[in-house]
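Protein chains in written order, with the working numbering: chain A, 938 to 1270; chain B, 938 to 1270. We put the beta carbon where it would ideally sit given N, CA and C, even for glycine. Shown next, in structure tokens, is the structure this report addresses.
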DNA sequence: CTGAAAGCGCTAACAG
DNA sequence: CTGTTAGCGCTTTCAG
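Next up, the structure:
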């Protein structure tokens, strides 16, 4: 490994001068700079960032804690985050927490020992010890996709309420009057907001909010499949709003087993607009969360915070967008 | 930040001794060890791994270069790799290269400056400068999913030939006699191997290899869709083997537009068994690559290499597995 | 078994 | 504008 000493010797200057040109320090004679630059080139020198970090107190590395990278939703967020990290010369360490607080804590501690400059959490539903601790230390963090109440921290998320509201309004505009809501567990705030948006749209249209049409607590495609098999025969909605794409696919699968056609017999609306929506059969109309954009914003925010700690915490709410494909149609159409 | 000096002072020993207990050095008096441990506890001390790395020459961080984390295939590999990295106390930095050699080079250089202990490449189709350079430096690397000819490096991949062979044999056992092959560009070695497996199965069954039934050079769902629309009417195979799941979905979509039912009219076989296979309609029979396993093996191998550099390079070929779902059926069934 | 001392490769005052 | 000198926080001889 060639070090700053080798360069200094080759260029006939002191290591301080070499350090100055490495870091673009302004008051270096043009001639000296050139000598140094040339020596660096010739020796194929690249500064050891570990050593630099030890003094400078930053590593240009941040951690990204997500439940599971194999979930396309988080993979998209990660892509957005990594792209902008890269743009600013940062790298990201990814950590799959599986929503396990202990795993999360272990990761956080390890990353702190490695002196990462900041952390993005795409994982916590409720405030936890880690976030509190980091917040207290004034360590740069930003939360993504899920809001956490009770602490002032930066957070970026999509407008779940508005997205659901507009999606259901669209179904109503298609002539649907009996619209079911199929969602995840209610302890997730985004589920509650999506449900609220659904109800608001109904109410605004003078339609009743029927408990029998609201099924929540569903986590998997299978759950949605079974729930639909169970509730559809009595309820017979003409449209179903599923609070995420995977649930929507479970719904569709169950409907098909009843011999129904989508969207001729029943319209189905999803949420998230992950890759699943495009792959589904029929391709799913879905409320798109700007996943990459969320990753991008979160990272931008984090880097900002890293470089300028005194900024005030902010909640950034990104708009959703209804992506119309083939799973929705006019009532009776 | 509390340092090793604080602990030493609190425990009434030298920093050398503290360092020894941190690193589990054996010859420390039990009493001393306990004093130190207690001081560490009380001060809530955690060693600065950056400083340690500067001396020890390892960071317990490795880089993972993939084309795109938002591609479920690579996301699965990443999950497998991260899990085992974590198990061994390593972290991974992920890098999306988009198959761009320049981006790759930039990442490699940056990661080297950050002193990562090793690198996994899930990206390179052909030998490139980066790999050659790293190999020459004896820097620990392992390649994954794609074989690269011309260098001796560790590589882990699935048995593409065998997988294709068995998949097509299965179609033949179902009674199919006219089986098409729909694949990616032939400059990708895995495509060539899958095609070879397909041909071997046909030949072994005494079936002709018909050029008109072999379509390659396809990259996207759209490509497969269009290609199928174009070739199906003349060729009329009773089964189609698509060399990956996304292509299979494109094929199915085109077939449905012809008013055909899957698998009653045409059987479709995919490859990879990504999440898409389960989501597809109908759920896809697919040759599964053990993606997580591949990530796991690659990481295991890398860590081995990091800790024991003189090992010999190896090529690890993992078996595939045919996952039968609903897109395949008896000929005429 | 333990401590002193020398560095890992770099940055950051401080003189000059 | 440039060099000297302290470290950053830790590991590792080398004595003892």
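A distance below 6 Å between beta-carbons, with the five flanking residues on each side excluded, links residue 1110/A to no residue of its chain. Contact check for residue 1190/A against residue 1222/A fails: the beta carbons are separated by 8 Å or more. Residue pairing from DSSP places residue 1001/B in a beta bridge opposite 1031/B, 1057/B. Rounded to whole angstroms, residue 1076/B and residue 1032/B show a C-alpha spacing of 18 Å. Nearest Cα to residue 1220/A within the set 1204/A, 1126/A, 1167/A, 1009/A: 1204/A. Residue 1102/B sits buried, since 16 or more C-beta atoms from the chains shown fall within 10 Å of its C-beta. Look at the segment 1136-1208 of chain B and you find these whole runs of alpha helix (DSSP H), each 4 residues long or longer: 1158-1172, 1182-1194. The continuous stretches of beta strand (DSSP E) do not include residue 1090/A, and DSSP gives it neither H nor E.
The three-state secondary structure of residue 968/B, taken from DSSP, is helix.
The beta-carbon of residue 1218/A is placed less than 8 Å from the nearest beta-carbon of chain B. Against chain A, the beta carbon of residue 1013/B has neighbours under 8 Å at 1007, listed in chain order. Inclusion of residue 1027/A and residue 1045/A in the CB contact set at 8 Å is not warranted, their separation being larger than that value. Residue 1158/B and residue 1126/B have their C-alpha atoms some 20 Å from each other.
Around residue 1197/A, the same chain offers 1203 as residues with beta carbons nearer than 6 Å, after the five sequence neighbours per side are excluded.
Interface residue (Cβ-Cβ distance to chain A less than 8 Å): residue 1052/B is classified as such. Under the three-state reduction of DSSP, residue 1213/A is assigned to helix. Neighbours of residue 1020/B in chain A, taken as residues whose beta carbon is under 8 Å from its own, are 1033 in chain order. Interface annotation for the segment 951-973 of chain B against chain A: empty, criterion Cβ-Cβ distance under 7 Å. In the DSSP assignment, residue 1078/A falls within the beta strand (DSSP E) that extends over 1078-1081. If you ignore the 5 residues before and after residue 1154/A, its C-beta comes within less than 6 Å of the C-beta of 1122, all in its own chain and listed in chain order.
Taking one beta carbon from each stretch, the segment 943-958 of chain B and the segment 970-985 of chain B have 3 or more pairs nearer than 8 Å; the two touch. Spatial neighbours of residue 1167/B in its own chain (CB-CB distance under 6 Å, excluding positions within 5 residues in sequence) are not present. Between residue 1071/A and residue 1082/A, the C-beta gap is not smaller than 8 Å, which leaves the two residues out of contact. A direct Cα-to-Cα measurement between residue 1034/A and residue 1227/B gives close to 22 Å. For residue 1022/A, the enclosing alpha helix (DSSP H) stretches over residues 1009-1024.
Within the segment 1159-1187 of chain B, those residues whose Cβ lies closer than 7 Å to any Cβ of chain A are, in chain order, 1186. Flagged as an interface residue toward chain B: residue 984/A, by a C-beta distance shorter than 8 Å. By the criterion of at least three beta-carbon pairs nearer than 8 Å, the segment 1110-1119 of chain A is in contact with the segment 1161-1180 of chain A. Contact check for residue 1208/A against residue 1235/A fails: the beta carbons are separated by 8 Å or more.
In this chain, the beta strand (DSSP E) harbouring residue 1258/A covers 1258-1260. Distances from the alpha-carbon of residue 1164/A to those of 1141/A, 981/A, 1139/A, 1192/A put 1192/A closest.
Not a single C-beta of chain B is nearer than 8 Å to the C-beta of residue 1261/A. Going by beta carbons, residue 980/A and residue 939/A fall inside the 8 Å limit. Only buried fits residue 950/A, as 16 or more other CB atoms lie within 10 angstroms of its CB. Boundaries for residue 1267/A: no beta strand (DSSP E) harbours it, and the DSSP string shows neither H nor E there. The shortest CA-to-CA distance from residue 1248/A to any of 1162/A, 960/A, 1025/A, 1078/A is the one to 1078/A.
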